[in-house]
Amino acid sequence: MGFPRHRPRRLRTTPALRRLVAETTLEPRQLVLPMFVADGIDEPRQISSMPGVVQHTRDSLRRAAADAVAAGVGGLMLFGVPRDADKDPTGSVAVAEDGILNVALRDLASDLGDDTVLMADTCLDEFTDHGHCGIVDASGRVDNDLTNKRYVELAVAQADSGAHVVGPSGMMDGQVAAIRDGLDAAGHTDTVILAYAAKFASGFYGPFREAVGSSLRGDRRTYQQNPGNAREALHEVELDIDEGADIVMVKPAMGYLDVVRAAADLSPVPVAAYQVSGEYSMISAAAANGWIDLQAVALETLTSIRRAGADIVLTYWAADVAGWLA
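With the first letter of the sequence shown counted as 1, position 205 gets the number 205 in full-length UniProt numbering; the numbers rise by one all the way through.
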């Protein structure tokens, strides 16, 4: 009887051997924790469609952010949730010095300094009464160039408030170039732009709409990408790099691993991917029903995103993963 010469199982016999030969690593420093801070609430408010995720008060945000950073999480991405009464057609509260997002950025910048990478969502959808990512014209269409002017104001306000990284997520043509010019003119030459370069019009964003109290009417298919278009996504990535993006991102992550891989193959700058609310929630729901092991599946999916080529992963499990891996 002949025995096989090649036994790949030899390298799987112990945890130490498996660690030694692991091709893809998952470390807390590679993860960014998205966080929501809401105006006008006295205690953290549970987001029903995202188990374990809350809209924070300013105080609870500061505590949770400090805990995440102490656990080793690489960065924090902050989303502001204003009062409904403060929303208007142009999202003016987004650029206001006393707007909830800018106030919270100053809180965390004061608390954490350069101990973490403080990121801000540079978009208008949370702040507009129509829920779109830009300024809507008389015909109901988002005005691309007028929106870019607003994005510049928003990015400068966030950088003034202490953000190390601004994250334009509205998918307006030319948004990265406009923001880069605006930041540089305002003296923020070191502020990083994390471009949501390939953001698809996905059904996986549903729970996020609850998380930010979205007022959206209609959909965003005239500016977010067609889920079937991979070449177009890579064109968007290349355009954002040419316009000065320091990091490019694919969103969502799990349904678009082919795009993550292709972006990583062509990009000279780091590639991020966002494990979005629907991806988080469906795994959480399956685990709550006892169908899967939450920790095992969360780690497996995050490893798959890293294996596809993402240098950075935004995930609502970032702080949990830091604890699990410790």
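Using N, Cα and C, we set each Cβ at its ideal position, and we do this for glycine too.
Computed from a predicted model, the values in this text were never measured in an experiment.
Expected contact under 8 Å - CB spacing of residue i and residue j to nearest Å
i	j	result
Leu194	Gln158	That pair is no contact at about 12 Å.
Met50	Tyr274	Rounded, the Cβ-Cβ distance is 14 Å, inconsistent with contact.
Tyr205	Cys133	With a Cβ gap of about 12 Å, Tyr205 and Cys133 do not count as contacting.
Leu26	Thr303	5 Å
Glu126	Val81	6 Å
Leu124	Ala155	Actually they do not touch by this definition, with Cβ atoms about 12 Å apart.
Ser202	Pro252	5 Å
Ile312	Val32	6 Å
Ala66	Gly323	15 Å between Cβ atoms; not a contact.
Met172	Thr147	5 Å
Val69	Leu112	6 Å
Ala262	Ala287	No, Ala262 and Ala287 are not in contact; Cβ-Cβ is about 31 Å, not under 8 Å.
CB contact flag (residue i, residue j, <9 Å)
i	j	result
Ala120	Ala319	no
Gly255	Phe200	yes
Arg150	Val95	yes
Arg83	Asp39	yes
Gly75	Leu17	no
Val53	Ala285	no
Pro207	Ser281	yes
Leu234	Val260	no
Leu314	Pro34	yes
Val250	Val271	yes
Gln225	Ala186	no
Gly99	Ile135	no
Exposure label - residue i; buried when at least 16 CB within 10 Å
i	result
Thr189	exposed
Leu266	exposed
Asp145	exposed
Asn289	exposed
Asp107	buried
Gln46	exposed
Gly131	buried
Arg180	buried
Ser161	buried
His6	exposed
Thr24	exposed
Leu101	buried
Phe36	buried
Glu97	exposed
residue 334	What is shown of the chain runs 1 to 326, which leaves residue 334 out entirely.
Ala326	exposed
Ser169	buried
Ala85	exposed
Ala138	exposed
Glu232	exposed
Residues that residue i bridges to, as DSSP identifies them
i	result
Arg45	Gln55
Gly75	Val32, Val117
Ala198	Val250
Thr122	Pro168
Gln224	None, per the DSSP bridge assignment.
Gly80	Val37
Thr128	Asp88
Asp313	Per the sequence shown, the amino acid found at residue 313 is Val instead of Asp. DSSP lists Leu31, Ala273 as partners of Val313.
Val142	Val136
Where residue i falls: helix, strand or coil (DSSP)
i	result
Ile283	helix
Ile179	helix
Met50	coil
Ala272	strand
Thr147	helix
Val37	strand
Ile100	helix
Leu26	coil
Val93	helix
Ile305	helix
Ile241	helix
Val192	strand
Ser60	helix
Asp173	coil
Trp324	helix
Ala157	helix
His6	coil
Val21	coil
Ala186	coil
Val212	coil
Ala298	helix
Ser110	helix
Asp258	helix
Ala65	helix
Arg217	coil
Ala264	helix
Gly162	coil
Gly290	coil
Heavy atom of the ligand COA within 8 Å of residue i beta-carbon
i	result
Gly174	This structure simply doesn't include the ligand COA, nor any ligand for that matter.
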